[in-house]
Structures are given as C-alpha cells and as structure tokens.
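Enquirer: Below is one structure. I have some questions about it.
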Amino acid sequence: MHALQTRMLAITRSLSLTAAAALLLTNLGAILYGVFMRYFVGGAPIWTDELSRFLIIGTVMIAAGAVWIEGSHMRVALIERLLPRPLARLLNLYQWLLTLGIALGGAWVSYHYAQSVGMFTTSGLGVSRTIPVMSMPIGFSLLAWHVFWHGPAPLPTLTEQGVEETHPEEHSQ
257 MHALQTRMLA
267 ITRSLSLTAA
277 AALLLTNLGA
287 ILYGVFMRYF
297 VGGAPIWTDE
307 LSRFLIIGTV
317 MIAAGAVWIE
327 GSHMRVALIE
337 RLLPRPLARL
347 LNLYQWLLTL
357 GIALGGAWVS
367 YHYAQSVGMF
377 TTSGLGVSRT
387 IPVMSMPIGF
397 SLLAWHVFWH
407 GPAPLPTLTE
417 QGVEETHPEE
427 HSQ
C-alpha cells in the first residue's frame, strides 16, 4: 500500500504543479501583453485583466494539494513538536480529517455554484462564468485527493533556513 500511495502522490503532485506552472506562465503572458498594449499601443483589451484574475485563482487552487503534502503551506507546527507522541498522532488525525472534510465540502459547494452561474457570461472574455469558476471545484478536489492519499501522517515542516525537518515519530514507525 505504501508504494501505491507514494506513486499516486508523486504522479498527481507532478501533474498538479505542471498544470499550475502552465497557468502561471499563461498569466504572465496575458499580463505582459496587457502592459505592452497599454503603454505602447495606447490601450489594453479589458479581457487581459479578467483573464489574469481567473488564471491566478486557478493557479493557486490547482497547486494547493501539492503544496499541502510538501508542508509548504503557511502553518504553525509548534504544537505538534511539543505534544507527546500519542497526542501528536491524534492531532495529526484531527488535522487530516478536518482538511479532508473542508476540501470535500469546498469541492461540493463550489461545483454546485459553478453550475448555477452557467447562464451568465464574463464581462471581458464573454465566456460562460462556469468555465473560470470550475477551477474552484477542480482545485478543492485535487486538494482532497492529495490529502486522502497522504493520510494522517505528519506533514514535513520547513524551518527558517528552508531545510525540511523530520519528526521523530516518523522514524519509529
């Protein structure tokens, strides 16, 4: 099971980060195009600002799961280090269940919201509002996927020097 778990996380982490990087590069292109048009041609199309907003939201949502399993998101792990091992495991289980529940709930709610705004179009791009809003349920679903496959194990902790710190309970299992 551990080999399957590691493989699933490695594949989906790589795909998520690649997709997020592609969205970020597309966003950079849209911003540079807008700046060029604004300052050298005299006016930028309105769709560049709107596309940029949608792309940055999509980038963050698609990368969230991969960032979570790396422990690179913003969190304070002080309590985990100070608690005795059994309580730290219980806290890890609680955090895992809470994150999984929020991710699944976010996917459910945002999917239904995305479907409900399908009759409206975006002002700049002129596409159905469902298309850009679908980055939310896709991102929450990817987060839930990564959280599920990671399991209630402790997350890596980054120190101020950027070095990953391993937890003693990881080595004793």
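To convert a position in the sequence shown, counted from 1, into the numbering used here, add 256.
Here a beta-carbon is modelled for each residue, glycine too, at the ideal position from N, C-alpha and C.
#1: If you reduce the DSSP assignment to three classes, tell me which class Thr471 lands in.
#2: Give me whichever residues DSSP pairs with Ser384 in a beta bridge.
#3: Below 8 angstroms on the Cβ atoms is my guess for Met317 versus Gly395; work out the distance and round it to an integer in Å.
#4: If the criterion is Cβ atoms closer than 9 angstroms, does the pair Leu381 and Phe310 meet it?
#5: Assuming Gly321 and His402 are in contact, meaning their beta carbons sit under 8 angstroms apart, how far apart are those beta carbons, in whole angstroms?
#6: Using the Cβ count rule (16 or more neighbours within 10 Å means buried), how would you classify Arg385?
#7: At what residues does the alpha helix (DSSP H) containing Leu356 begin and finish?
#8: Taking Ala400 and Ala359 to be in contact with their CB atoms under 8 angstroms, please state how far apart those CB atoms are, rounded to whole angstroms.
#9: Hey, would you say Glu326 sits closer than 9 angstroms to Leu411, going by beta carbons?
#10: Of the residues Pro342, Ile302, Ala276, which one's Cα is nearest the Cα of Thr378?
#11: By how many angstroms is the C-alpha of Ala409 removed from the C-alpha of Leu346?
#12: Apply the 10 Å Cβ neighbour rule to Gly361 and answer buried if 16 or more other Cβ atoms are within range, or exposed otherwise.
#13: Helix, strand or coil for Gly285 per DSSP?
#14: By the 10 Å Cβ neighbour count, where 16 or more other Cβ atoms means buried, how is Leu398 classified, buried or exposed?
#15: Locate the alpha helix (DSSP H) running through Arg337, then write down its first and last residues.
#16: Run through DSSP, which three-state label would Met264 get?
#17: Have a look at Ala328 and Ile387 and give me their C-alpha separation to the nearest angstrom.
#18: If contacts are defined as beta-carbon pairs under 8 angstroms, then Ser308 and Ile287 qualify, I think. What distance do you get, rounded to the angstrom?
Expert: Inspection of the coordinates gives the following:
#1: Residue 471 falls outside the range modelled here, since the chain spans only 257 to 429, and no answer is possible.
#2: Note: Ser384 sits in a beta bridge opposite Thr377.
#3: Confirmed, about 2 angstroms.
#4: Contact flag set, yes.
#5: Yes, Gly321 and His402 are in contact; Cβ-Cβ is about 3 angstroms, under 8 angstroms.
#6: A buried status is given to Arg385, since no fewer than 16 other beta-carbon atoms sit within 10 Å of its beta-carbon.
#7: Run containing Leu356: 341-372, per the alpha helix (DSSP H) assignment.
#8: The Cβ separation is near 4 angstroms, so the contact holds.
#9: Contact annotation: Glu326 and Leu411 have beta-carbon atoms nearer than 9 angstroms.
#10: The shortest CA-to-CA distance from Thr378 to any of Pro342, Ile302, Ala276 is the one to Ile302.
#11: C-alpha separation (whole angstroms): 10 angstroms.
#12: Around the beta-carbon of Gly361, fewer than 16 other beta-carbon atoms lie within 10 Å, marking it exposed.
#13: When DSSP states are grouped into helix, strand and coil, Gly285 belongs to the helix group.
#14: Here Leu398 is buried: its Cβ has 16 or more other Cβ atoms, across all protein chains shown, within 10 Å.
#15: Run containing Arg337: 334-338, per the alpha helix (DSSP H) assignment.
#16: Helix, per DSSP.
#17: According to the sequence shown, residue 328 is Ser rather than Ala. Taking the CA atoms as reference points, Ser328 sits about 28 angstroms from Ile387.
#18: Contact holds; Cβ gap of about 5 angstroms.
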